[in-house]
Each structure stands twice: as structure tokens, then as C-alpha cells.
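In the numbering used here, the protein residues as written are 26 to 230.
Listed below in C-alpha cells is the structure:
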């Protein structure tokens, strides 16, 4: 089983490590810093985006491991448009309800919990030790950071980022392109394209 990962970063290392736990035996990175960048941890970097686009048929799976939500989503859509075999990774130490759905290109890391009847979109990052409770809906390219908590029935719009250790109250609707600062407590709905911080969370722009 041969996996290509686009994005040779610290996040990419965690994706590769998760992939090995999921049984992927051969992992190669691609990054636009190549050929200056040749390795990412113990894994080789063998090309850039253009090289990967020409070689997707050689791989059993492809995944984008870029932390920036917009860049990740753009690269994912580019790969899907050429029929790349984009996969989903769920770490064996994560707990994802069989009654929930996880979109293609999403990674669920160790210790994460996704409870019943939750719908996670394309290319999301469900990071280490976070929890997404029942009946949540996450749009494409959302990032739920390590230790963040979404209570039941939360909606998070595409391209939004919930910072490390942040909490979102039940039934709250978070708009598209929102950034929630680390450790914040979100008690009310957030419109699109805002950054909020604090306890309770307030907009800063």
C-alpha cells in the first residue's frame, strides 16, 4: 500500500505516523519547497505538486497535509479534479461513531472522539484529543484543534478553525471562515469571516 502526502510539515509528520498506524506501508511526501526540501522526519520528499499530479496513478492513496484550511482545500479539489485516489485516515486510537460520516481527505487523529450522527465534510482535520459531540455538522476544510470541544448540535462552516482547547456550546452555529482563538468559550452564534477570542468569546475583527 503506497501513500502520497502533499505537504511536508510537522502536521504532515503526524499524518504520516497516523497512516502507518492505519497500515500504509510506503509513504512519500510531496511539497512545493522541493528540491530544497528532501526529507520530512524519516520520510522522503520526492517532488512538488506538479510532480504529484503527474504521478497520482502510481499511488494507492493520496492525502493533503497542509494546515492552512484554504490552501488544503484548494489542493484537495485540484487532486480530486484529476481523479486522484484521495483517502481518509482515522487513527485506531480515535473513536468515531459508526453512525457518523467522515468526508474524503479528512484525518482523525489519536484520542479524538466523534459521536453519533455527526457529519464531517471534505478535507477536515480532527486533531489530537479533541471531541465532536452528537449531531454536529462540519463543512469542508474545517480544523478542530487539539483538545477543542464541540458540544452537541454545533454547526461549523467551511474553512473555519477552532483553536487549541477552545469550547463551543451546544446548538451554536459557527459561520464560514471563522477563527476561534485558543482556549476561547463560544456561547453564541458567530457570523462568517470573524475572529473571536476570550471567555466568553468576542470578535476582534
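Glycine included, C-beta positions come from ideal geometry on N, C-alpha and C.
Being a predicted model, the structure only gives us computed values, none of them experimental.
Query, Result
"Nearest residue (CA-CA) to residue 26, options 33, 34, 46", "46"
"Cross-strand partners of residue 140 (DSSP beta bridge)", "Bridge partners of residue 140: none, in fact."
"Residue 170 vs residue 182 beta-carbon contact at 8 Å", "no"
"Residues near residue 85 by beta carbon distance below 6 Å, same chain, minus five either side", "26, 27"
"For residue 122 and residue 141, believed in contact at Cβ under 8 Å, the rounded distance", "4 Å"
"Counterpart residues of residue 222 in DSSP-defined beta bridges", "227"
"Top-ranked residue by Cα proximity to residue 175, from 184, 198, 112, 166", "198"
"Proximal residues to residue 179 (C-beta, below 6 Å), its chain only, five neighbours per side dropped", "161, 193, 197"
"Residue range of the alpha helix (DSSP H) that includes residue 80", "74-80"
"Residue 128 beta carbon less than 8 Å from that of residue 146", "yes"
"C-alpha distance - residue 139 paired with residue 41, whole-angstrom precision", "21 Å"
"Residue span of the beta strand (DSSP E) that contains residue 87, given as start and end", "86-89"
"Assumed close pair residue 136, residue 113 - CB separation to whole angstroms, cut-off 8 Å", "About 17 Å separates the two Cβ atoms, so there is no contact after all."
"Residue 94: CB within 7 Å of a non-hydrogen atom of the ligand ATP", "With respect to the ligand ATP, the structure shown offers nothing to examine, as it has no ligands at all."
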